[in-house]
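K.L.:
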Amino acid sequence: MVVVAIEKRPHGTQLLVVPVTTRPPRPGDAVVEMPERVRQHLGLGADRCWIVADEYNVFTWPGPDIRPIRRGVDISPRYGAIPGKLFEQVRSLMLRQARGGALKETRRTD
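Structure, rendered in structure tokens:
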């Protein structure tokens, strides 16, 4: 998942995240392919993957839906950052989906 927005709230931090999938897109799917070098940097493996830009999930952190991973001695829910250009591609496509009424929200925690 890619965090696209963060909002501090009294009960925790609300994260808006878009999913990442290895399922190849169908024609017309609102996705942005993640470049190989970015996948390697994030430790996602060799399989091609796509950032889904027509849906997002809302999580509260800390919470049960986002779990930390171990990378060496560090334990964090963060895999790393994506390049600004890739983020802007995702953001732009999400905004187009929102304007067309095709952006879907799923709340994962209350």
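Here the sequence shown stands for residues 6 to 115, numbered as in my numbering.
Idealized CB from N, CA, C, for every residue including glycine.
Using alpha carbons as the reference points, say which of 57, 111, 103 and 97 lies closest to residue 36.
P.N.:
Position 31 of the sequence shown, counting from 1, holds the residue named residue 36. It is 57.
K.L.:
Do you know whose CA, among 52, 48 and 59, lies nearest residue 104's CA?
P.N.:
In the sequence shown, counting from the first residue as 1, residue 104 sits at position 99. Taking only the C-alpha atoms, the option nearest residue 104 is 59.
K.L.:
Rounded to a whole number of angstroms, what is the C-alpha to C-alpha distance between residue 47 and residue 88?
P.N.:
Reading the sequence shown from its first residue, position 42 is the one you call residue 47. Reading the sequence shown from its first residue, position 83 is the one you call residue 88. Looking at the two C-alpha atoms, the distance is approximately 11 Å.
K.L.:
Over what stretch of residues does the beta strand (DSSP E) that includes residue 17 continue unbroken?
P.N.:
As a first step, residue 17 is located in the sequence shown; it is residue number 12 there, counting from the start. Unbroken beta strand (DSSP E) run through residue 17: 17–23.
K.L.:
To the nearest angstrom, how far is it from the Cα of residue 33 to the Cα of residue 99?
P.N.:
In the sequence shown, residue 33 corresponds to position 28, counting from 1. In the sequence shown, residue 99 corresponds to position 94, counting from 1. Each residue's Cα considered, the two are about 14 Å apart.
K.L.:
Would the beta-carbon of residue 113 fall within 8 Å of that of residue 64?
P.N.:
As a first step, residue 113 must be located in the sequence shown, where it is residue number 108. As a first step, residue 64 must be located in the sequence shown, where it is residue number 59. For residue 113 and residue 64, yes; Cβs fall inside 8 Å.
K.L.:
Under DSSP, the beta strand (DSSP E) around residue 112 begins and ends at which residues?
P.N.:
By one-based count along the sequence shown, residue 112 stands at place 107. Run containing residue 112: 109–112, per the beta strand (DSSP E) assignment.
K.L.:
Alpha carbons only, please: which of 26, 31 and 66 is nearest the one belonging to residue 49?
P.N.:
Locating residue 49 in the sequence shown gives position 44, where the first residue counts as 1. Of the listed residues, the one whose Cα sits closest to residue 49 is 26.
K.L.:
Should residue 66 and residue 21 be called a contact, given that it needs their Cβ atoms to be closer than 8 Å?
P.N.:
On the sequence shown, residue 66 is found 61 positions in, with the first residue counted as 1. On the sequence shown, residue 21 is found 16 positions in, with the first residue counted as 1. No. Outside cutoff.
K.L.:
Run through DSSP, which three-state label would residue 14 get?
P.N.:
Translated into the one-based positions of the sequence shown, residue 14 becomes position 9. The answer is strand: DSSP assigns residue 14 an E or B state.
K.L.:
Can you grab the Cα-Cα spacing for the pair residue 43 / residue 62, in whole Å?
P.N.:
Reading the sequence shown from its first residue, position 38 is the one you call residue 43. Reading the sequence shown from its first residue, position 57 is the one you call residue 62. C-alpha separation (whole angstroms): 22 Å.
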